[in-house]
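Asker: Please read through the structure below; I'll follow up with questions.
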Amino acid sequence: MTRCLRICGAYSFRLSRRHSTLLLIASFIITLIVILELYSYRHQGHPHVQPRIGDFDYRPGSFLRGRMPNENISYCEFNYGLPVTLKWGTFSLYSSPEAGSKGPYRVIYNAVTGKDFADHSKYEAVTYATQATPEFLYHIIEISRFWDGPISLSVFVPNQDLDIAMQIMVHLCHCYPGMSKVSMHLFYPKKYPPKLLKKDLIVTTTEIPTTTANISSEEIAQRKLDRYRNLNNKTRALYIKLARQKKIKIMMKRMPRTSSDTGRLKFIDCSGLESLSISTFRREQRMVYPINVGRNVARNASLTNYFLVSDIEMVPSDGLAPKFLAMVRKLMGDKKREEGCVFAKTVFVVPLFEVERGEEIPRDKDALVRMVASNRAMYFHQKFCSHCQRFPGLQSWLMRVSPGIIEMLELCLQEYRMVVLDGAFLCHAAASKSAGRHSRAERTNTERYMKIIGAMKRRYPDRPQCKVNWKS
């Protein structure tokens, strides 16, 4: 036995010496492959079921489930021939507020005019200014449900996306009285003006004969054959190409028209669409959504002294607008307020939060505090960019508040005064997403954040009141 072990050991030793180079190369390749596989696994987004903490399934408009639209009543006032047609020449075209006449976008204000709060003075209401693409338009019903004031909504409608927006707006306006608060404005790239698709087109299924009824089909076929025989090589290739195109055109006309062909959307009831997947011109063309243009259009259309600029997926807490106006009246007094006085260089800040998937959006601060304490809610984008929306003294805000975020930082450096509203907030639903995407997003956002901070450092003198990490 001992001798056998010695023989095996000696043989292995000679083999390892003889093939040591090959073994080292093979070991190196295997190690490298394992490292690359582990790196790929860690950094790719894996499909998985998002964790659910509660049983609430948030969907905009779900509170209207079971209600059907009232075709006899519209709570919206459409203008310029909408929603049936868009009558060019009956309205003025404007440039986008930030770019001017040389910019690539154009604006049509008040395509829909809100009826509610029209008799209120600009001191007696707060406008909710928001923006959207057509596929997110249904979220406006949640804002109109909870916002006590006028709503200024700008919608990005290049080409046929206007048709999608109009279908959704018509449906909403026949469903919910709160839509009477909404004024809608359209903006689009100059090279892709908005248009409505024609409905109920009559499509012929056969070609109309160009010959007289006295000629038989055999004679027509013979004439075609004679013309083909008289063609040379060059003209024959062109003839074949045109014949194929004509044949394809005839076949396409004979195909049945589907809902996607006509651009018709199907709604379950007032609670929303059968499918949340909507094909838009913007997505097909892979166009970048100019979100800041939309924000500026909605803000520019506001007719009140005070407005809140926010995204369409954010839901306001109960009584935010009337509580704010009561605070302004108390701080300023009725006389100054009615004279049109405003707080000079003052920005009122509304904190942003989001809840975990499966959790219902809190309606007041007490409910929010409980959810944050039990890790069912967090400040907005905490998982994607932990320093972007976090404000100093976050924990103390749950009793009191203090400001934060980049836009507020720049205003602070410009010597604006920040007033963070206590008891008021905006909330976003369904925060949970892939952990791998969180890490990538956080790294990317951190790099962008530091570049912005560096640019501000070069542009503005430091102020002790503006807390910021100047390190780069």
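Each residue of the sequence shown is one higher than the one before, starting from 1 at the first, in UniProt numbering.
Cβ atoms here follow ideal geometry from the backbone N, Cα and C, with glycine treated the same way.
Are there 16 or more other CB atoms within 10 angstroms of the CB of Gly-296, so buried, or fewer, so exposed?
Answerer: Residue mapping note: residue 296 aligns to position 296 of the sequence shown, counting from 1. According to the sequence shown, residue 296 is Asn rather than Gly. By the neighbour-count rule (16 or more Cβ atoms within 10 Å), Asn-296 is buried.
Asker: Keeping to the same chain, check which residues put their C-beta closer than 7 Å to that of Met-287; ignore five residues upstream and five downstream.
Answerer: Start at 1 with the first residue of the sequence shown, and residue 287 comes out as number 287. Cβ neighbours of Met-287 beyond the five flanking positions: Pro-158.
Asker: Which same chain residues, not among the five before or five after Ser-144, have their C-beta less than 8 Å away from its C-beta?
Answerer: Sequence index remark: in the sequence shown, residue 144 carries index 144 (1-based). Closer than 8 Å at the Cβ level, and outside the excluded window around Ser-144, lie Ile-151, Tyr-176, Gly-178, Met-179, Lys-181 and Val-182.
Asker: Starting from the C-beta of Ala-129, find all residues in its chain whose C-beta is less than 6 Å away, skip the five residues before and the five after it, and write them out in chain order.
Answerer: Here the question's residue 129 lines up with position 129 in the sequence shown. Correct list, in chain order: Ser-152, Ala-298, Arg-299, Ser-302, Phe-307 and Val-309.
Asker: CA-CA distance, Lys-87 and Gly-319?
Answerer: Numbered from 1 along the sequence shown, position 87 holds the residue referred to as residue 87. Numbered from 1 along the sequence shown, position 319 holds the residue referred to as residue 319. Spanning the two alpha carbons is a distance of roughly 39 Å.
Asker: Grab me the residues of Lys-195's own chain with a C-beta within less than 8 Å of its C-beta, minus the 5 sequence neighbours each way, in chain order.
Answerer: Residue numbering aside, residue 195 sits at position 195 when the sequence shown is read from its first letter. Hits under 8 Å: Leu-86, Asn-159, Gln-160, Leu-162 and Asp-163.
Asker: What is the residue span of the alpha helix (DSSP H) that Leu-225 lies within?
Answerer: If you number the sequence shown from 1, residue 225 lands on position 225. For Leu-225, the enclosing alpha helix (DSSP H) stretches over residues 217 to 229.
Asker: Report yes or no: do three or more beta-carbon pairs, one from the segment 56 to 63 and one from the segment 271 to 290, lie closer than 8 Å?
Answerer: By the criterion of at least three beta-carbon pairs nearer than 8 Å, the segment 56 to 63 is in contact with the segment 271 to 290.
Asker: For Ser-260, count neighbouring C-beta atoms within 10 Å of its own C-beta (all shown protein chains included) and say buried if the count is 16 or more, exposed if not.
Answerer: Here residue 260 corresponds to residue number 260 of the sequence shown, with the count starting at 1. Its pLDDT being 40, under 50, Ser-260 is placed unreliably in this model, and the value from its coordinates should be taken loosely. By the neighbour-count rule (16 or more Cβ atoms within 10 Å), Ser-260 is not buried but exposed.
Asker: Start and end of the alpha helix (DSSP H) containing Leu-162?
Answerer: Mapped onto the sequence shown, residue 162 falls at position 162. Run containing Leu-162: 161 to 173, per the alpha helix (DSSP H) assignment.
Asker: Whole angstroms is fine: what's the gap from Leu-93's alpha carbon to Ala-373's?
Answerer: Counting from 1 along the sequence shown, the entry for residue 93 is found at position 93. Counting from 1 along the sequence shown, the entry for residue 373 is found at position 373. Cα-Cα distance, rounded: 50 Å.
Asker: Within its chain, find whatever has a CB closer than 6 Å to the CB of Cys-427; leave out the 5 residues flanking it on each side and keep chain order.
Answerer: Within the sequence shown, numbered from 1, the residue matching residue 427 stands at position 427. Closer than 6 Å at Cβ, skipping near neighbours: Val-315, Phe-353 and Ile-361.
Asker: Tell me the rounded alpha-carbon separation between Pro-256 and Ile-248.
Answerer: Within the sequence shown, residue 256 is the residue found at index 256, counting from 1. Within the sequence shown, residue 248 is the residue found at index 248, counting from 1. Only weak support exists for where Pro-256 lies, its pLDDT of 46 falling under 50; the value from the coordinates is given anyway. Distance between the alpha carbons of Pro-256 and Ile-248 is about 14 Å.
Asker: What is the rounded straight-line gap between the Cα of Pro-189 and the Cα of Leu-276?
Answerer: Here residue 189 refers to the residue found at position 189 when the sequence shown is read from its first residue. Here residue 276 refers to the residue found at position 276 when the sequence shown is read from its first residue. Those two C-alpha atoms are separated by around 25 Å.
Asker: Buried or exposed for Gly-294, please, with buried defined as at least 16 other CB atoms from any protein chain shown within 10 angstroms of its CB.
Answerer: By one-based count along the sequence shown, residue 294 stands at place 294. So Gly-294 ends up on the buried side.
Asker: In the structure shown, what three-state DSSP assignment does Pro-316 receive?
Answerer: Here residue 316 is taken as the residue at index 316 of the sequence shown, counted from 1. Pro-316 falls in the strand class under three-state DSSP.
Asker: Could you check which residue in Arg-227, Met-327, Glu-313 and His-174 has the C-alpha nearest to that of Asn-72?
Answerer: Numbered from 1 along the sequence shown, position 72 holds the residue referred to as residue 72. When only C-alpha atoms are compared, the closest one is His-174.
Asker: Can you pull the DSSP bridge partners for Asp-269?
Answerer: As a first step, residue 269 must be located in the sequence shown, where it is residue number 269. Its beta-bridge partners are Gly-272.
Asker: Could you tell me the alpha carbon to alpha carbon distance between Asp-148 and Pro-322, rounded to whole angstroms?
Answerer: In the sequence shown, the residue the question calls residue 148 occupies position 148. In the sequence shown, the residue the question calls residue 322 occupies position 322. Cα to Cα, the separation comes out at about 7 Å.
Asker: Under DSSP, the alpha helix (DSSP H) around Glu-284 begins and ends at which residues?
Answerer: The residue you call residue 284 lines up with position 284 of the sequence shown. In the DSSP assignment, Glu-284 falls within the unbroken alpha helix (DSSP H) covering 281 to 284.
Asker: Taking Asn-292 as the reference, which of Thr-235, Gly-340 and Val-155 has the closest Cα?
Answerer: Your numbering for residue 292 matches position 292 in the sequence shown. The option with the nearest alpha carbon to Asn-292 is Val-155.
Asker: Suppose only complete runs of 3+ residues qualify. What are the beta strand (DSSP E) ranges in the segment 68 to 139, listed by chain order?
Answerer: 105 to 113 and 126 to 132
Asker: If I measure Cβ to Cβ from Asn-98 and keep anything under 8 Å in the same chain, skipping five residues before and after, which residues do I get?
Answerer: Locating residue 98 in the sequence shown gives position 98, counting from the first residue. Note on residue identity: the sequence assigns Glu, not Asn, to residue 98. Cβ neighbours of Glu-98 beyond the five flanking positions: Asn-292, Val-293 and Asn-296.
Asker: Let's test the definition: count the other Cβ atoms within 10 Å of the Cβ of Arg-357 and tell me whether it reaches 16, buried, or not, exposed.
Answerer: The residue you call residue 357 lines up with position 357 of the sequence shown. Arg-357 comes out buried.
Asker: To the nearest angstrom, report how far apart Arg-67 and Thr-280 are at their CA atoms.
Answerer: Sequence index remark: in the sequence shown, residue 67 carries index 67 (1-based). Sequence index remark: in the sequence shown, residue 280 carries index 280 (1-based). Distance between the alpha carbons of Arg-67 and Thr-280 is about 27 Å.
Asker: For Ile-250 and Ala-243, I'd like the C-alpha separation in whole angstroms.
Answerer: For the purposes of this step, residue 250 is identified with residue 250 of the sequence shown, where counting begins at 1. For the purposes of this step, residue 243 is identified with residue 243 of the sequence shown, where counting begins at 1. When rounded, the distance between both Cα atoms is 11 Å.
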